[in-house]
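Chains as they are written, first to last, in the working numbering: chain U, 191 to 693; chain R, 191 to 693.
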C-alpha cells in the first residue's frame, strides 16, 4: 500500500489520518457498486452512472453487480476483484445491509475512498441502523475513507465527479467549496450557484458522516489550493473541540461561511431524525463562531449570497459605498440598511457632485449619494459617467448600481415590442465591466423585480439574462439592495478583522 | 357649496377638515389639466389620460389645455369653467409655475380634490420651490384637498382611478390600503400585489404631501369599510403628535404595517432630497411605533409579505404550526426560524404521527413535525392526507406546505417533457384549498426556486403559474420559508396583543 494512503490512526492526538484526497476528488477510475443492468432503473447506482456520463467524467467507470451483464455500453463486473485496475474511488449504492461487505471489497481492492449513497443507517434511530453504521466506521479505520452514508456524495466540476441527482451541474470549476450533511441543500446550492455566478472547487454532502465529516474536510479545504472560500451548512458536529480548532485554523487562512441548523429545541429534535447528529444552543454557537473568525449566516439565501460576495469581490473590506440608480425611496432605504450593517454612504465630494449633476436629467435627480438618476431609462453611457465620477471620490470603496428594468414595461407595451429589445442590458453590463477595470473599484448590481406574474415572464426572463451577463463577467448580482448590503457586510466583517489585526 | 365639502379649518384642535373622500376616490368625473393634443406625448397629463382609458375608468374625463383641440377622441377644454358639469376630481400635470393657478381654477369650479403630479416644489430645496408649495397649501385651506405635488397620485381599482405610470394595474378591488410618499414604491407594490395575491382598496402616493398626508389619510382609512389592512411607507412625518395619535387609533381598529425610511443619518439626508421631509432616529421610532400597536417592518419585501399575510389569513394569531414537505434541512431551518419568531413547531400527537407515517414513503420520511415527506415527488393525494391528519392535532393553528418543484427537473429532462406537464401543481393547489375548507385551518404555501437561470425559465414559469393558482384561491405564497414565518409572526404580534388585551 503506497505511503500516502496509509492511515496513522492518531485521532487521539486530534490529528487526522493521512489520506490521498487527490484520488478521492480527482479519481482516474470509479467503481459503482449497485448498478442495475436496466438502464432506466431509478436506483441511485444506475442514476449515478447516468449522470457521471452526462457530466462527461473522463476517467474509467466500472459498474459492479453480482448479476453481471452490461449497461449503457459498459460491462458490469460481478466482483470488485475482477476490475482490471486499481480503482481510486467507489460509489456504493447497494441496500444498507449489503453496504459493509461492499465497503470491505473496496478496501481490499485498494480503493482510496467511497461515497455511500444508501440510507438506512443511524438516521433511522434503530439498533440495526446504528450497528450497520458502526460496521462502516470500523472498516474505514482499516484504511479506506468514506463520505456518507445517507448522502448525495461529492461534486467536483474539475474532475467531473457529480452528486445526486446530479445531471445538469456546471463543469466550470471555481473558488468556493461547500460542505453539508444535507444532500438537498448541497444540490440546491450547486444549482443556485449557476445563476448566482458561484463556481465550485469541491462540494461534499456527507450525510450521516460516519467517517469524513466537518472537521477533517475543513482541514483539507483550508489547505486546498483550488478553494478560496469555504461555505458550509451543518446540523450537528461530532467533536466540538476538534471542529472549533479546525474552523479557527481554516478561517485564519480563508473565509469560512457557516449556517448552523438545529439551534432551537425543535430544530435539534428535527436534526436527530434527519442526519443523526446533535444540535446545540443558538447563543453558545454564535459566541463560539465569533471567536473562530468564521462568518455566521442564518438562512440558505444569506449563505448563498455571502458566498457569492466572498467569491467574486476583492479580498478586502468596503466600508464606504456609492449607490447609483433606483430612485428616491431605494436610496433612502440604502442608507438605513448600510448604517444597520456598519457601512456608510457618504456624500460625494462637491466637485464630483457637480460633475454628476451636470450629466443627469433635471429635475428629480440628486448626486448627493445615493445618486438618484431621476429616471429609470437613463442610458448606459450616462450611467458610465456617473459611475466613473463617483469612483473618483477616494472615500468610495465599492459601488452598487440598482436597475429597475421592469420600469421599461410601460414603454414596451406602448410601442408593442418585447421588453428585452428596449432594455439596453448588454450595454449596461459592458459599461459596468469597463468601470470596474478602469477604476479598480468593484461594482455590485441589484436587479429587483416587482413584476413576476405569469403574464410578465418576459420581464423575469430579461432579468435572468441580464444577471447572466453580469455574472459571466464575475460581477455579483442580487435581487434586492438589502441582500447586497448584507452580503458585503459579511465580507467587511471577515476582512475588517484581518485588516485590524495587521495594524 | 354642499355641506359635506366645507372645510372647518380646525387643524388647531387636531381635527381634520370635513372632506368628501367619496368624490376623491370614486369620482364621477375627472378633469386632467395639462393634456397635450399630441396623443403620443410623454407628458404626465397625456400619460394619465391614456392609462385612465386603459383602466376603463367609467366616469367622464375632461382634458384641459388653453390651446384647446382634441385628443384620443375627447374634446380638450380651454378652461375649467367651460366644462359642462361640476367635476369631482382633478389631475394637475402642468409645469410647476402654473400649478397654483390651475388649482385655483379647480377650487373655483367646485372640484373636491386634485392630485398634483408635477414636480419642482419643496423637494428642490430652492426658495421658489418652497414658495410654490406654500401657495398650494394656502389654496387648499380655502376648500380643495390636494394629493401631492411631486407624486404618482391615487390608485383605486373599484373606481378605475390609477396612478402613474399606471397602465396594466389590476381592476380587482381588495382589502389592503397603501400609503406612501414615494410614487415608485407605490407603483412597485401595486404591481407586486398582482402576483402576491394582494388586492387594494386604495393606494395613495402623496409625494411632498403639501395637504393630505400620512395622519389624515390614516384617519380616513381607519374608518374606510373597504380597507381591512393599512400598509404604509413613510420617509418623514409632518406633525409627530397628530401622526402617532392617528396611528394608535387606526391600529386599534385594523392592522397597520409601517416601513419607516430615513432612520439613519444618511437616510435622513437622502429623505430631504427626495420628498422634503424629515427623517428620525431608529430607536425612537421603533419604541414609539411599538406603543401605537402598529407593526414595524424594515424593507420593502417584508412590507409586502406582511401585507399579504394580513390580507389573506384569518384575523387571529398562529403560535403553533405544522410544516409539511421540503426535506430534512428545510425542516430543521423551519424550527430555528419559528423559535426566533416566537412560534412553535410542536411534535404531532402520537396517533396522528402513526397515521401519517403509514401513508408516507419509507425510509427517509418523518412525521414528527416538520413532516419530512422524504421525496419531492409525493402525490397531492398523499399530501392531502398528511395535511388533513396534521390539522387534526388541536394544537396546530396553521400549516405550511413547502414544494420544491424544481426537483422534478431531472425527471422532466429524463423523459424529455416540459416540467409544467409533470408537476401536478393544479391538483396540489386544489387539494390545499380543500384542506383549508374542511379543516378551517389556514395553509400557507412556500415555493422556493433554486433554478432561476435563463435555461431554466420553464421552472421559473411553472412556479409563477402555481403561485397564481394559489393566490387566486386566497392562499398566501412565499418564495422562502423564513419569509413565510416572518410574515406570520407579524400577524401574531398584532393579533396576539389584541387577544391578550381581551383576556
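Don't be surprised by glycine CBs; every beta carbon is placed ideally from N, CA and C. Treat the numbers as computed from the prediction; the structure is a model and nothing was measured.
Euclidean distance between Cα positions of residue i and residue j
| i | j | result |
| --- | --- | --- |
| residue 630 of chain U | residue 657 of chain U | 21 Å |
| residue 597 of chain R | residue 346 of chain R | 40 Å |
| residue 599 of chain R | residue 588 of chain R | 30 Å |
| residue 494 of chain U | residue 388 of chain U | 9 Å |
| residue 627 of chain U | residue 581 of chain U | 12 Å |
| residue 541 of chain R | residue 550 of chain R | 15 Å |
| residue 468 of chain U | residue 425 of chain U | Here the model assigns residue 468 of chain U a pLDDT of 46, short of 50, so the residue's position is not dependable, and the following value carries that caveat. Their Cα atoms are separated by approximately 7 Å. |
| residue 485 of chain R | residue 360 of chain U | 44 Å |
| residue 687 of chain U | residue 211 of chain R | 57 Å |
| residue 466 of chain R | residue 518 of chain U | For residue 466 of chain R, the predicted structure reports a pLDDT of 48, less than 50, and the residue's modelled location is therefore unreliable. The matter cannot be settled from this model. |
| residue 558 of chain R | residue 623 of chain R | 24 Å |
| residue 442 of chain U | residue 513 of chain R | 39 Å |
| residue 603 of chain R | residue 610 of chain R | 12 Å |
| residue 532 of chain U | residue 666 of chain U | 20 Å |
| residue 578 of chain R | residue 543 of chain R | 12 Å |
| residue 383 of chain R | residue 432 of chain U | 50 Å |
| residue 336 of chain R | residue 546 of chain R | 59 Å |
| residue 481 of chain U | residue 497 of chain U | 20 Å |
| residue 678 of chain R | residue 394 of chain R | 26 Å |
| residue 479 of chain U | residue 644 of chain R | 37 Å |
| residue 372 of chain R | residue 343 of chain R | 10 Å |
Beta-carbon spacing of residue i, residue j below 8 Å
| i | j | result |
| --- | --- | --- |
| residue 261 of chain R | residue 227 of chain R | yes |
| residue 585 of chain R | residue 510 of chain R | yes |
| residue 566 of chain R | residue 594 of chain R | yes |
| residue 705 of chain R | residue 525 of chain R | Examination of residue 705 of chain R is not possible in this model, given that chain R is present from 191 through 693 alone. |
| residue 302 of chain R | residue 240 of chain R | no |
| residue 148 of chain U | residue 375 of chain U | The shown model of chain U, from 191 to 693, leaves out residue 148 of chain U, and the question about it has no answer. |
| residue 750 of chain R | residue 472 of chain R | The requested residue 750 of chain R does not occur in the structure, where chain R is confined to residues 191 to 693. |
| residue 278 of chain U | residue 218 of chain U | yes |
| residue 326 of chain R | residue 339 of chain R | yes |
| residue 591 of chain R | residue 635 of chain R | yes |
| residue 539 of chain R | residue 583 of chain R | yes |
| residue 276 of chain U | residue 300 of chain U | yes |
| residue 527 of chain U | residue 415 of chain U | no |
Contacts of residue i in chain U (Cβ-Cβ under 7 Å)
| i | result |
| --- | --- |
| residue 603 of chain R | 357 and 358 |
| residue 338 of chain R | Those within 7 Å of residue 338 of chain R in chain U number zero; the least Cβ separation is about 14 Å. |
| residue 672 of chain R | 489 |
| residue 375 of chain R | 519 |
| residue 664 of chain R | The contacting residues do not exist; residue 664 of chain R stays about 16 Å from chain U at best. |
Proximal residues of chain R, C-beta to C-beta of residue i below 7 Å
| i | result |
| --- | --- |
| residue 382 of chain U | 640 |
| residue 347 of chain U | Within 7 Å Cβ-Cβ: nothing; residue 347 of chain U doesn't reach chain R, min ~16 Å. |
| residue 372 of chain U | 518 and 519 |
Chain-ordered neighbours of residue i on chain R, where CB pairs are closer than 9 Å
| i | result |
| --- | --- |
| residue 577 of chain U | Those do not exist, as residue 577 of chain U stays about 19 Å from chain R at its closest Cβ, beyond 9 Å. |
Contact set between residue i and chain U, taken where Cβ atoms lie within less than 8 Å
| i | result |
| --- | --- |
| residue 454 of chain R | 525, 526, 528, 529 and 530 |
Amino acids of chain R, ordered along the chain, whose beta-carbon sits closer than 8 Å to that of residue i
| i | result |
| --- | --- |
| residue 451 of chain U | 519, 522, 523 and 526 |
Indicate whether the contact test is met: 3 or more Cβ pairs, each with one atom in the stretch 636-653 of chain U and one in the stretch 368-384 of chain R, closer than 8 Å.
-> yes
Mind the definition here: the stretch 271-283 of chain R touches the stretch 214-227 of chain R only if three or more C-beta pairs lie below 8 Å; say whether that holds.
-> yes
Between the stretch 516-547 of chain U and chain R, which residues of the former have a C-beta closer than 9 Å to a C-beta of the latter?
-> 516, 517, 518, 519, 520, 521, 522, 523, 524, 525, 526, 527, 528, 529, 530, 534, 535, 536 and 537
Short-range partners of chain U found in the stretch 633-648 of chain R, where Cβ spacing is below 7 Å | Listed in chain order, the positions of the stretch 633-648 of chain R with a beta carbon within less than 7 Å of a beta carbon of chain U are 640, 641, 642, 643, 644 and 647.
At a cut of 8 Å, does the stretch 508-525 of chain U reach the stretch 644-656 of chain U through at least three beta carbon pairs?
-> no
Does the count of Cβ pairs from the stretch 428-446 of chain R and the stretch 399-407 of chain R closer than 8 Å reach three?
-> yes
The stretch 648-660 of chain U: which residues have C-beta closer than 7 Å to a C-beta of chain R, in chain order?
-> 650, 651, 654, 655 and 658
Mind the definition here: the stretch 242-249 of chain U touches the stretch 449-456 of chain U only if three or more C-beta pairs lie below 8 Å; say whether that holds.
-> The stretch 242-249 of chain U is not in contact with the stretch 449-456 of chain U.
With 9 Å as the limit, tell me which residues of the stretch 409-434 of chain U have their beta carbon closer than that to any beta carbon of chain R; keep them in chain order.
-> 423 and 425
Decide yes or no for the touch test of the stretch 319-329 of chain R against the stretch 287-299 of chain R: beta carbon pairs closer than 8 Å, at least 3 of them.
-> Yes, the stretch 319-329 of chain R is in contact with the stretch 287-299 of chain R.
At a Cβ cut of 9 Å, what residues of the stretch 378-406 of chain R count as close to chain U, listed as they run along the chain?
-> 378, 379, 380, 381, 382, 384, 385 and 386
Residues in the stretch 245-264 of chain R having any Cβ partner in chain U nearer than 8 Å = none
Anything in the stretch 576-600 of chain U with a Cβ closer than 8 Å to a Cβ of chain R? List those residues in chain order, please.
-> 594, 596, 597, 599 and 600
Got a sec: which bits of the stretch 292-322 of chain U sit with their beta carbon under 7 Å from any beta carbon on chain R, in order along the chain?
-> Here the close residues are 309, 310 and 314.
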